[in-house]
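Data block below; observations after.
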Amino acid sequence: MQEAENESMDENLFEKSVLLIKTNRTVQIVSVLTALVLLSIPAYSMLSKSQTPDDEYQRELEYIVDFDSGFITWDSNSNLELNDDEVFSLKLSYDDFPEDAKAMNIVSIWVYIEVLDSQEDNEETSGLGCSVDSGEDALDSASLFSSTPNSQSEILETQYGTGTYMDLLEIPEFTTFPLITGYTVEEIEEMYETNEEDLVGEYNFEITGLVEAGDSTLQCERQDPSVTVDYTIELLWIDAMVMEWNGDSPWF
Ligand SMILES: [Ca+2]
Ligand SMILES: [Ca+2]
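Take 1 as the starting number for the sequence shown in my numbering and just add one per residue.
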């Protein structure tokens with residue numbers, strides 16, 4: 001009889017609680033919030049787990065970067081003969097990269113020209129007085145215009161030889177360099193890698209011959225038909241190796 005009474009009381013209490021929840025707005029809100037908090041505990045745990053990957057601890061460490069690097073020839077000509085003001089134009093694209101270059105991390109282009117006439121000019125002389133006084137060669141020149149897909153361009157001019165690097169990767173700068181800290185190894189490696197979309201586009205190279213004949217002398221005419229240029233276009237690749245700094249590098 002006592003048990004039946006207790007069961008009856010429990011049922012009444014339960015019904016009253018449900019009724020209270022149904023009728024009391026404050027209790028409803030508190031119940032909903034409690035449920036949300038309970039539901040969000042596993043969700044929050046999963047979220048915080050995904051935001052702290054296994055390599056997160058690497059940000060606390062210090063690193064140094066060492067590089068392997070090398071050049072792959074893209075185009076060259078050691079005997080490009082140009083008349084005065086003649087322009088040799090070369091339009092290339094990423095598709096024209098050598099196959100082995102496409103597999104490497106290309107970070108820069110090295111362009112070089114050399115005026116071969118500065119060693120042995122091909123000036124011609126004609127006239128009766130040439131055997132007495134033929135005059136002297138005048139140095140020829142060549143100019144080089146280069147542009148890359150990342151809107152870099154440069155003009156060089158030389159009587160001998162000159163070259164330039166056209167960077168395709170913005171080399172990262174660290175205030176703590178040569179030590180690097182605050183990043184994971186993967187993040188540092190990515191900073192030293194050129195994205196393929198930064199390589200796609202037009203690469204233009206124009207070499208202009210600037211021919212100069214020496215002054216003619218009495219009864220000896222001087223003429224210079226051409227200038228011969230040697231040019232080389234090389235692709236510079238790097239492979240960055242990120243190593244944890246252990247305090248005994250030979251660099252210091
Ligand atoms: Ca000359
Ligand atoms: Ca010449």
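Beta carbons: idealized from backbone N, C-alpha and C, even for Gly.
{"query": "Inter-residue Cα distance where the pair is residue 86 and residue 176", "result": "50 angstroms"}
{"query": "Segment contact flag, the segment 219-237 with the segment 129-136, C-beta cutoff 8 angstroms, min 3 pairs", "result": "yes"}
{"query": "Classification of residue 101 by the beta-carbon crowding that lies within 10 angstroms, buried from 16 upward", "result": "buried"}
{"query": "Nearest residue (CA-CA) to residue 67, options 178, 215 and 232", "result": "178"}
{"query": "Straight-line gap, residue 96 to residue 115 (C-alpha atoms, nearest Å)", "result": "26 angstroms"}
{"query": "DSSP-derived helix/strand/coil call for residue 85", "result": "coil"}
{"query": "Local conformation of residue 142 per DSSP, three classes", "result": "strand"}
{"query": "Minimum C-alpha distance to residue 113 - residue among 164, 172, 241 and 243", "result": "164"}
{"query": "Start-end ranges of the alpha helix (DSSP H) lying completely within the segment 178-218, minimum 4 residues", "result": "185-191 and 196-199"}
{"query": "Euclidean distance between Cα positions of residue 167 and residue 158", "result": "21 angstroms"}
{"query": "As assigned by DSSP and simplified to three states, the class of residue 58", "result": "helix"}
{"query": "Separation of residue 107 from residue 193, as counted between CA atoms", "result": "8 angstroms"}
{"query": "Local conformation of residue 99 per DSSP, three classes", "result": "helix"}
{"query": "Exposure label - residue 190; buried when at least 16 CB within 10 Å", "result": "exposed"}
{"query": "Residue 228 CB to nearest heavy atom of ligand 2 below 8 angstroms", "result": "yes"}
{"query": "Nearest neighbour of residue 197, chosen from 150, 133 and 138 [CA to CA]", "result": "150"}
{"query": "Assigned secondary structure, residue 70 (DSSP; H/G/I helix, E/B strand, else coil)", "result": "strand"}
{"query": "Residue 78 versus 183, 233, 69 and 188, residue with shortest Cα-Cα distance", "result": "233"}
{"query": "Contact test: residue 142 Cβ vs ligand 1 heavy atom, cutoff 8 angstroms", "result": "no"}
{"query": "Which residues DSSP lists as bridging residue 165, in chain order", "result": "110"}
{"query": "Same chain, Cβ closer than 8 angstroms to residue 80, five either side skipped, listed in chain order", "result": "88, 207, 228, 229, 230 and 231"}
{"query": "For residue 118, three-class secondary structure by DSSP", "result": "helix"}
{"query": "Own chain partners of residue 211 with C-beta closer than 7 angstroms, once the 5 adjacent residues on each side are dropped", "result": "83, 84, 140, 224, 226 and 227"}
{"query": "Straight-line gap, residue 93 to residue 202 (C-alpha atoms, nearest Å)", "result": "5 angstroms"}
{"query": "Under 9 angstroms between C-beta atoms of residue 148 and residue 109", "result": "yes"}
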